[in-house]
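For the sequence shown, the working numbering gives the first residue as 34, with consecutive numbering after it. Report on one structure; see the data block that follows.
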Amino acid sequence: MDVLWGIRIIDGPVYATFLVASAAFVLYLLIRKPTPRWIVTALLGMLGGAVVAVALFFLVNALDVFGTPLPRQVAFWLMGTFAALGLALVNLWASHWWRKVLALIGIVIFAITGTLGVNAYYGLDPTLGSLFGISTAGKIDIDQPVNTSAPDPTQPLYETWKPPADMPKKGQQGSQVIPSSGFDARPAGIYLPPAALVKNPPRLPVVIFMMGYPGNPDPEYIGGVLDTYAAEHQGLAPIAVVADQIGTKGDPACEDSSTFGAAETYITKDVPAWIRTHLNVLHSPAAWTIGGYSNGGACAFKYAAEHPDQYGNLLVVSGDEYPGVEIQRQTIDQVFGGSTAAFDAAKPTSILAANPGRYANLTAVFTVGGNDPTFIPGVERNAQAAEAAGMRTTYYVVPGAGHVVDALDGGLTKDFEILYPLLGLSRQ
């Protein structure tokens, strides 16, 4: 099953095969004796399917089903898919049995191709397993010596680091189960940079990162960005732990609750404790970063606001304005016992206001896609609040990016451009 779940579906032969198969089925289903009746029937079938797709697109956005509007690229995929489905449906009438069979097969192929196309546009579920929330990352070997008592070096690492000749060119990715104190977390994604894979590795900075909802704790995205930076900096990069703040029951809104379990305790206590025990990382809060994308960005902002003594850096990539923003009434009822006051008090900006003067040692980077009008206002307000609270703040708009993988990659690239000198991995 691991081989099946590991099949890549946003690029490669599977995706290409379905695109070609769909085109072939459309061509076959169109080719028929070109009578006026058939031409009109085929056109009406495709036009009807496209109209249904447009209606569905606007209905989903009007009802705010996903908490953020579907982009126009999704509308194009829906229109193409439903037009093909309409063509297949009209082939079920007044046709030979084999044409009916092929039309039914075409319906399945069109539906799968449309799903793959929309998924490829978002780019956040690269494998079949990740599309269904199943981790395909193999267990990573972290059996390395960890000197937990030695003080952090006083010099920046880039000044003293000499990479050995046998250092790998790329880092390693995998997963590890991090024990929790009462939260049903999925295995965390781990990224170890090339410098962490040598015989006597240096202690490195660490990033705790969280992905969106729905989503998976997949290290592929942050690992890819860090591999690029590591290649330019003698194999140096932070160790990254992509922790699961969502779990298996729904959106915990970055909180501990009887409904979803101890999500906050898991991220802010269990994960850091495991990192200190198992990974070769620096001790100073200045070397620790908390970050996240979308839902994970809201959690990162909240946890940094609550624990400025634990993290020196904050990365918010296209983050929700606050936890539960998309399902406020549900969050208030399920997480906060019906208390609107408790819900409001848990917002990151409320936490900042309640703790003045505590954030001067925090560096914060807020990024958002330039084509993400739903998220831009909230990210901008949060960046302003962080700066007003005393954080050294950068607000960056990723040109042309939406709320998809281009915003994630572009945001992370900007994040580490800023963090590398601060983490001692490059010159200022």
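Cβ coordinates follow ideal geometry from the N, Cα and C atoms, glycine included.
In terms of Cβ geometry, glycine 435 and glycine 457 do not form a close pair [threshold 7 Å]. Bounds of the beta strand (DSSP E) holding leucine 225 are 221–225. Under a 10 Å Cβ-count criterion, leucine 118 is classified as buried, with 16 or more other Cβ atoms of the shown protein chains found around its own Cβ. For glutamine 206, the uninterrupted beta strand (DSSP E) run begins and ends at 205–209, by DSSP. The shortest C-alpha to C-alpha distance from tryptophan 126 to any of Trp307, Ala387, Ala75 and Ile279 is the one to Ala75. Counting only runs of at least 4 residues, the region 302–375 fully encloses the following alpha helix (DSSP H) elements, listed from N- to C-terminal order: 304–311, 328–339 and 361–368. Under the three-state reduction of DSSP, phenylalanine 58 is assigned to helix. By the Cβ-count criterion, asparagine 124 is buried, with 16 or more other Cβ atoms from all chains shown falling within 10 Å of its own Cβ. Residues of the same chain with a CB within less than 7 Å of the CB of proline 189, apart from the 5 flanking positions on each side, are Gly457 in chain order. Exclusion of the five residues before and after valine 210 leaves Pro220 as the residues of its chain whose Cβ lies within less than 6 Å of its Cβ. DSSP places tyrosine 254 outside any beta strand (DSSP E); the residue lies instead in the alpha helix (DSSP H), whose first and last residues are 253–265.
Contact check for alanine 170 against glycine 245 fails: the beta carbons are separated by 7 Å or more.
The continuous beta strand (DSSP E) containing valine 275 extends over residues 272–275. Checking the DSSP bridge columns, you'll see glycine 402 partnered with Val431.
In this structure, phenylalanine 115 sits near alanine 86, with a CB-CB distance shorter than 7 Å. Inclusion of glycine 444 and valine 350 in the CB contact set at 7 Å is warranted, their separation being smaller than that value. Distance between arginine 105 and isoleucine 272, taken at the CA atoms: about 37 Å. By the criterion of a C-beta distance shorter than 8 Å, lysine 282 is surrounded in its chain by Asp217, Thr292, Phe293 and Gly294, once the five residues flanking it on both sides are discounted.
Only residues of its own chain outside the window of five on either side were considered, and among them Phe376 have a CB closer than 8 Å to the CB of glutamine 361, listed in chain order.
As DSSP reads the structure, threonine 396 sits in a beta bridge with Asn346 and Arg425. Its Cα nearest to that of threonine 382, the residue Ala422 stands out among Asn404, Arg391, Asn346 and Ala422.
In chain order, Leu458 and Ser459 place their CB closer than 6 Å to the CB of histidine 266, counting only its own chain and leaving out the 5 sequence neighbours on each side. Counting C-beta pairs closer than 8 Å gives fewer than three between the region 184–204 and the region 132–145, which falls short of the contact rule. Between the region 307–319 and the region 367–374, the count of C-beta pairs closer than 8 Å stays below three; the two stretches do not touch.
Counting only the Cα atoms, glycine 329 lies some 11 Å from glycine 357.
DSSP places phenylalanine 99 outside both helix and strand once states are collapsed to three, so it counts as coil. Nearest Cα to threonine 322 within the set Asp342, Asp303, Thr310 and Leu52: Asp342.
Collapsing the DSSP output to three states places threonine 68 in coil. Around the beta carbon of alanine 296, a 10 Å sphere encloses 16 or more other beta carbons of the protein chains shown; the residue is thus reported as buried. About 7 Å separates the beta carbon of leucine 63 from that of leucine 120, a gap short enough to meet the 8 Å contact definition. For valine 239, the enclosing beta strand (DSSP E) covers residues 239–243. In this structure, the beta-carbon distance from threonine 427 to isoleucine 451 falls below 7 Å. When only Cα atoms are considered, glycine 411 and leucine 122 end up about 44 Å apart.
The three-state secondary structure of serine 182, taken from DSSP, is coil. Annotated three-state conformation of glycine 390 is coil, per DSSP. In this structure, Leu37 is the residue among Val239, Gly78 and Leu37 with its C-alpha nearest to the C-alpha of isoleucine 167.
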